[in-house]
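Asks: Count along the sequence shown from 1, then add 2; that gives the number in our numbering.
From the three backbone atoms N, C-alpha and C, an ideal C-beta is built for every residue, glycine too.
Okay, here's the structure, questions in a sec.
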Amino acid sequence: MDGSSAIDTVGRIVAIMARLRDPVSGCEWDRAQSFATIAPYTIEEAYEVADAIERGDMADLKDELGDLLLQVVFHSRIAEEAGLFDLRDVVDAISDKMERRHPHIFGDAADGGHPLWEQVKAAERQARPGQSGTLAGVALGMPALARAEKLQKRAARVGFDWPDASGPRAKIDEELAEVEQAETDAARIEEVGDLLFSVVNWARHLGIDPEAALRAANGKFERRFAAMEAADPAFAERTLNQQEAAWQRAKR
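Here is the structure:
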């Protein structure tokens, strides 16, 4: 599909969304939505894209990318109705950003690659009000593990980092001891948070994506638990020792 055909195709979904949002003849549910009510669906669709990729299901990926595109069109339509911006502005903004962040491709810089991209991003943050700090602009809506990793990477750029994996590994023992010593619920919550942050830091130093690692662990737990229930319909009625034995069989 060439560029003009792709634009025509996107124009179709833009027209569909305009029809759905029509204040007189549109869909009651679609008309009632706002940025805030749609945001959870946007996040969910992004995860479903990632899930399709992880499963290697390209037919599903096509569908999920369409669902994610719909979210962009939906938000843009709400903004257009409010006189803020429209989908063309969104596309122009990301196009400008991609050209700006690749001066070695679209500009005068001879080379630079990823380091140059990071320099341009840092300059953009500096130009935004209240966004000048090293940790500025890390989205609050990110999953906590992924956000912890990104915060740590940002801090590492200015030298605030352990020299190797032994530092964060020792920190895990320290934080675990502090969890065990905590005497109130509030203190335990704080210390468990510190412990998880330290585990993310260790994973980062080992070159492991903590979010992906936990997703894999979730999937493994689901498979093993399903296997236990499939092997024994009365699993929920078994004693803990019997359930543990079943768990060991599922692991094997």
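1) How would you call tryptophan 204, buried or exposed, if buried means at least 16 neighbouring beta carbons within 10 angstroms?
2) Alanine 150 by DSSP, collapsed to three states: which one?
3) Consult DSSP for histidine 104 and reduce its assignment to one of helix, strand or coil.
4) State the start and end residues of the unbroken alpha helix (DSSP H) segment that holds tryptophan 249.
5) To which residues of the same chain is leucine 137 closer than 8 Å at the C-beta, ignoring the five residues directly before and after it?
6) How do the stretch 170-181 and the stretch 204-216 stand: do at least 3 beta-carbon pairs fall below 8 Å, yes or no?
7) If we ignore side chains and look at the alpha-carbon of each, how far apart do leucine 198 and valine 75 end up?
8) Quick check: what's the CA-CA separation for valine 92 versus glutamate 66?
9) Determine the burial state of alanine 236: buried for a count of at least 16 other Cβ atoms within 10 Å of its Cβ, exposed for fewer.
10) By Cβ distance, which residues of its chain are closer than 8 Å to alanine 146, with the 5 residues on each side in sequence left out?
11) Please list the terminal residues of the continuous alpha helix (DSSP H) segment that includes aspartate 62.
12) What distance in whole Å lies between the Cβ atoms of alanine 81 and aspartate 88, which are believed to be in contact at a cut-off of 8 Å?
13) Pick out whichever of Leu178, Ala38 and Val12 has its Cα sitting closest to the Cα of glycine 143.
14) Return the CA-CA distance between glutamine 245 and arginine 225, expressed in angstroms with no decimal places.
15) Roughly how far, in whole angstroms, is the beta-carbon of alanine 54 from the beta-carbon of aspartate 62, given that I think they are within contact range, below 8 Å?
16) Check the C-beta distance from alanine 229 over to alanine 252 and give it rounded, since I have them as a contact under 8 Å.
17) Going by beta-carbon coordinates alone, are glutamate 176 and glutamate 193 separated by less than 8 Å?
18) Assuming proline 42 is part of the alpha helix (DSSP H), what are its boundary residues?
19) Helix, strand or coil for glutamate 176? Go by DSSP, reduced to three states.
20) Take the Cβ of glutamate 151 as the centre, count every other Cβ of all protein chains shown within 10 Å, and call the residue buried at 16 or more, exposed below.
21) From which residue to which residue does the alpha helix (DSSP H) around valine 202 run?
22) Let me check understanding here. Comparing Cα to Cα, which of Gly209, Arg57, Glu101 and Asp187 lies closest to aspartate 166?
23) Sort Thr44, Thr11, Glu46 and Glu56 by Cα distance to alanine 218 and report the nearest one.
Replies: The relevant details are as follows:
1) Classification for tryptophan 204: buried.
2) Looking at alanine 150 - three-state DSSP - the assignment turns out to be helix.
3) Three-state DSSP puts histidine 104 in coil, outside helix and strand.
4) Unbroken alpha helix (DSSP H) run through tryptophan 249: 242-253.
5) Excluding positions up to five away in sequence, the list reads Leu153, Arg156 and Ala157.
6) Contact check between the stretch 170-181 and the stretch 204-216: three or more CB pairs, one atom from each, fall below 8 Å, which counts as touching.
7) Between the alpha carbons of leucine 198 and valine 75 lies a distance of about 36 Å.
8) One C-alpha to the other measures close to 20 Å.
9) Per the 10 Å Cβ criterion, exposed.
10) Excluding positions up to five away in sequence, the list reads Leu198.
11) Annotation: the continuous alpha helix (DSSP H) that includes aspartate 62 extends over 60-83.
12) That pair is a contact at about 7 Å.
13) Considering only Leu178, Ala38 and Val12, the residue with the shortest C-alpha distance to glycine 143 is Ala38.
14) Going from the Cα of glutamine 245 to the Cα of arginine 225 covers about 15 Å.
15) About 4 Å; that satisfies the 8 Å criterion.
16) So it is a contact: roughly 4 Å between Cβ atoms.
17) Pairing glutamate 176 with glutamate 193 gives a Cβ-Cβ distance that is not under 8 Å.
18) Here the alpha helix (DSSP H) through proline 42 covers 37-57.
19) DSSP places glutamate 176 within a helical segment (H, G or I) once states are collapsed to three.
20) It is buried - the Cβ of glutamate 151 has at least 16 other Cβ atoms within 10 Å.
21) Segment 187-207, the alpha helix (DSSP H) holding valine 202.
22) Considering only Gly209, Arg57, Glu101 and Asp187, the residue with the shortest C-alpha distance to aspartate 166 is Gly209.
23) When the alpha-carbon of alanine 218 is set against those of Thr44, Thr11, Glu46 and Glu56, the nearest one is in Glu56.
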